[in-house]
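>
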Amino acid sequence: MFRFIAFAILTCQAQPLRSLKTVPVPQVPGLDEYVRDRGVLVALGKAFFWDMQAGSDGRTACASCHFHAGADHRRQNQIQDPNHPFPANLLLESPVFPLRKIADPTNRNSTVLTDTEMRIGSAGLFRRMFKAITEGEAAERGDEALDAPSFAIGDLHVRRVTARNSPSVLNAVFYERNFWDGRAQRVFNGLSPNGAAPGAWVIRDGRLERQLVGLDNSSLASQATGPILDDTEMSYAGRTWPQLARKIYALGPLAFQTVAGDDSALGPYARIGGRGLRDGISYLSLVQAAFQPKFWEYAGSVDDSGFTQAEQNFPLFWGLALQAYQSTLISNDSPFDRFMEGDQGALTAQQREGMQFFQQQGRCTTCHGGAEFSNAVVGRNNNRAFQRTGVRPAGDDRGSGNGNFKSIGLRNIELTGPYFHNGGQSTLEQVVDFYARGGDFANNNIRAFNASGAQRAALVAFMKSLTDDRVRFERAPFDHPELCLPDGHVETRPGVLLSALLPQFPRASAERWAGIAATGASGNKFPLQTFDELLNGVGNDGSRVNTMTEPCTIPLP
Ligand code: HEC
Ligand code: HEC
């Protein structure tokens, strides 16, 4: 009885945990004014997401940083520190973590052994200024620009790296606002992440005019318009939307990547026994099939820029297609979901004990509540969506202000290390120690708690029950085209890079490319590797998938 009362008081603000199958996917009111075929829209979004031709270098996709359970899984050249020099091209190894090490992990006031403001981010592009596209070619023309000393060794550059860790895109459709700081607005304006609206070009009475766009529940569309023009993530500095559109429309979708014939969204379009999509399937034909004609049918130029209506409206198409695809990436069939649906055997005794600790002594549900394990979701009015938890001092990264970050969802968390906005912890055990000691830096939100070794292990075991096997084995809808990834740069001896010998880019260093095979609806035979396994080489014998040891077999131009 006493226990029950204590439970009720501690969790009075928390949303009860439940199966994600009970939560409807947020719908976009008024979408039909723009979209005429939602099935084609999803296929288009999946092609956009995985197509390496989208990046200015012709080799960088959204998926390059979101290919592994929706997150990144690379080992080398993944660090960044906006405020201090840092070692370029560092190979991440187990002893690097946690980034802040203290003598007694149970006591946050114990002696600090090492600390760093460094973040584990994601490698994007080399620093270059946009010059022009060459129609029919994925690689754009650019001028090399001198980068910060930390993105270089000697005269040679490495790819730039983001200043925050890549969160998973799975289940992101449930967030009211995306990004760690929530800056991708819930209302999509057809052009940018910012919400306030320039709009789209439409035909009315035979004439073109600009119409405001204000689509609600569309943070994913707002988000998608960010990285594609960002000069760290996907773009040479200064590329514009219509230039990107002209490039994309002239390319065969996924031209260099194989697509499985039974891919859950792209299968019907796949070129069997070859690369890319079938003859006759172009990005323009997919746009025309997916969107209402009034957004693309005008034959002349919109203005004296010479760009067509379909080119000018490309950010609208890009945002809505990527949102539609990512809205299908919902992992609602984990052992936890099955347990909540009444299958008592779905969780082990240890996981059930961990679940109780998660809700009670751990107070985790105050911020990671409901079916989404996050408070920052559509339709939940509360003030615990963005919280300061003392991962870093607020001055390192202000987040949404004052060092607040999104109370991010925990589904498939086993597969998406390293953790937190700075990627500072490599294992869930380290995360649990972090919470038990009340966080690493000043905050008013995390209360330290006592937990035995067995209780900590139970908490970890519970978090592992949030993995959906369709994600673990990349089954539909989590199947995907082939991909190649740059995973660090070649060093001939420690600290010496090798030139890529590109006449137009003399500072480019040679890279190591890792391959990811295409999977179809039935997925892989072996599970995805965890980040800790990556650091320790577990699964390189073929018993794990995405070990970054498979060669790239795409004939990159
Ligand atoms: C170079 C790596 C990189 C590329 C390429 C990239 N992203 Fe991301 N993505 C990130 C990082 C880092 C963040 C977190 C940034 C932040 O919150 O400030 C992020 C955040 C996101 C989020 C927000 C998830 C959340 O929980 O808030 C979504 C959704 C997403 N990316 C989708 C995309 C899409 C779609 C594309 C292609 C248009 C893309 N990303 C390209 C690195 C990348
Ligand atoms: C006061 C709100 C709050 C409480 C209570 C809380 N969290 Fe969090 N959690 C957050 C926020 C905010 C983040 C992101 C913090 C950051 O990256 O700076 C986070 C991040 C995480 C992450 C990393 C997610 C990722 O994708 O990197 C894990 C794992 C996690 N929390 C587990 C827990 C567990 C287990 C508990 C209970 C012991 C707990 N949290 C309690 C707010 C909270």
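So for the sequence shown, my numbering puts the first residue at 612; every next one is plus one. Heads up, the beta-carbon is just placed ideally off N, CA and C, and yes, glycines get one too.
Strictly by DSSP, which residues pair up with residue 772?
In the DSSP output, where bridge partners are listed per residue, residue 772 has 734.
> Could you pull the start and end residues of the alpha helix (DSSP H) that residue 740 belongs to?
Element bounds for residue 740: not the alpha helix (DSSP H) but the beta strand (DSSP E), 739–743.
> Just checking, does the region 689–700 make contact with the region 756–774 on the three C-beta pairs under 8 Å criterion?
The region 689–700, when compared against the region 756–774, does touch it at the 8 Å Cβ threshold.
> Can the beta-carbon of residue 782 be found less than 8 Å from the beta-carbon of residue 942?
In this structure, residue 942 lies closer than 8 Å to residue 782 by Cβ.
> Should residue 1183 be listed as close to ligand 1, given that the test is whether its C-beta is under 7 Å from any heavy atom?
This structure cannot settle anything about residue 1183, because the visible part of the chain is limited to 612 through 1168.
> Should residue 838 be listed as close to ligand 1, given that the test is whether its C-beta is under 7 Å from any heavy atom?
Yes, the Cβ of residue 838 comes within 7 Å of a heavy atom of ligand 1.
> Would you call the CB atoms of residue 833 and residue 795 closer than 8 Å?
Yes, the pair counts as a contact, with Cβ atoms nearer than the cut-off.
> Rounded to the nearest angstrom, what separates residue 706 and residue 1037 at their Cα positions?
Going by the C-alpha atoms only, they are around 10 Å apart.
> Note the first and the last residue of the continuous beta strand (DSSP E) segment covering residue 859.
Not the beta strand (DSSP E): residue 859 falls in the alpha helix (DSSP H), residues 852–860.
> Figure out for me which residue from 968, 878, 710 has the closest Cα to the Cα of residue 1131.
Per the Cα distances, 878.
> How far does the alpha helix (DSSP H) with residue 578 in it reach, from first residue to last?
This structure cannot speak to residue 578, because the chain is shown only from 612 to 1168.
> Tell me whether residue 653 is buried or exposed, calling it buried when 16 or more other Cβ atoms sit within 10 Å of its Cβ.
Looking at its Cβ environment, which holds 16 or more other Cβ atoms inside 10 Å, residue 653 is buried.
> Could you please give me the residues that DSSP links to residue 799 through a beta bridge?
Residue 799 pairs with 826.
> My understanding is that residue 997 touches residue 1016, with C-beta atoms under 8 Å, so please give their C-beta distance in whole angstroms.
Contact holds; Cβ gap of about 6 Å.
> Just grab the DSSP bridge partners of residue 1124 for me.
In the DSSP output, where bridge partners are listed per residue, residue 1124 has 1097.
> Can you tell me whether residue 1093 is buried or exposed? The criterion is at least 16 other CB atoms within 10 Å of its CB, across all chains shown.
When all chains shown are included, residue 1093 counts as buried.
> When the Cα of residue 973 is compared with those of 1061, 954, 1040, which residue comes out closest?
Of the candidates 1061, 954, 1040, the one whose C-alpha sits nearest the C-alpha of residue 973 is 1061.
> Report the option in 672, 678, 917, 944 whose CA atom is closest to the CA atom of residue 1170.
Any property of residue 1170 remains undetermined from this structure, which presents the chain solely from 612 to 1168.
> To the nearest angstrom, how far is it from the Cα of residue 1077 to the Cα of residue 787?
Their backbone Cα atoms lie some 21 Å apart in a straight line.
> Answer yes or no: do residue 875 and residue 1090 have a C-beta to C-beta separation smaller than 8 Å?
Result yes, Cβ atoms of residue 875 and residue 1090 sit closer than 8 Å.
> Are the CB atoms of residue 951 and residue 849 nearer to each other than 8 Å?
The answer is no: Cβ separation not under 8 Å.
> Tell me whether residue 733, by its Cβ, gets closer than 7 Å to a heavy atom of ligand 1.
Correct: residue 733 has its Cβ closer than 7 Å to ligand 1.
> Using a threshold of 8 Å, state whether the C-beta atoms of residue 1032 and residue 711 are closer than that.
Taking 8 Å as the Cβ cut-off, residue 1032 and residue 711 do not qualify as a contacting pair.
> Cβ-heavy atom distance between residue 786 and ligand 2 below 7 Å?
Answer for residue 786: no, Cβ out of range of ligand 2.
> For residue 1147, which three-state DSSP category applies?
Residue state, collapsed to three classes: helix.
> Could you tell me how far apart the beta carbons of residue 826 and residue 798 are, in whole angstroms, since I believe they sit closer than 8 Å?
Rounded, the Cβ-Cβ distance is 7 Å, consistent with contact.
> Once you ignore the five residues that flank residue 948 on each side, which residues in its own chain have a CB closer than 7 Å to its CB?
The residues are 630, 631, 632.
> Within the present structure, is the beta-carbon of residue 1056 separated from the nearest heavy atom of ligand 2 by less than 7 Å?
It does: the Cβ of residue 1056 is within 7 Å (strictly closer) of some heavy atom of ligand 2.
> To which residues of the same chain is residue 861 closer than 8 Å at the C-beta, ignoring the five residues directly before and after it?
Within the same chain, residue 861 has close Cβ partners 746, 747.
> By how many angstroms is the C-alpha of residue 1067 removed from the C-alpha of residue 623?
Note that residue 623 scores a pLDDT of 45, beneath 50, so its modelled location is shaky; the value from the coordinates is reported in the next line. Their backbone Cα atoms lie some 23 Å apart in a straight line.
> By how many angstroms is the C-alpha of residue 920 removed from the C-alpha of residue 1161?
Taking the straight line from one Cα to the other gives about 42 Å.
> For residue 612, count neighbouring C-beta atoms within 10 Å of its own C-beta (all shown protein chains included) and say buried if the count is 16 or more, exposed if not.
Note that residue 612 scores 38 on pLDDT, short of 50, meaning its location in the model is unreliable and no value can be drawn from it.
> Name the two residues that bound the continuous alpha helix (DSSP H) containing residue 649.
Looking at the DSSP string, the run of the alpha helix (DSSP H) that includes residue 649 is 649–661.
> Mind checking whether the beta-carbon of residue 1032 lies closer than 7 Å to any heavy atom of ligand 2?
It does: the Cβ of residue 1032 is within 7 Å (strictly closer) of some heavy atom of ligand 2.
> Identify whether residue 1171 lies in helix, strand or coil by the three-state DSSP scheme.
Residue 1171 cannot be examined here, being either before or after the span of the chain that is shown, 612 to 1168.
> Please report the distance separating the alpha-carbon of residue 692 from that of residue 818.
Their backbone Cα atoms lie some 50 Å apart in a straight line.
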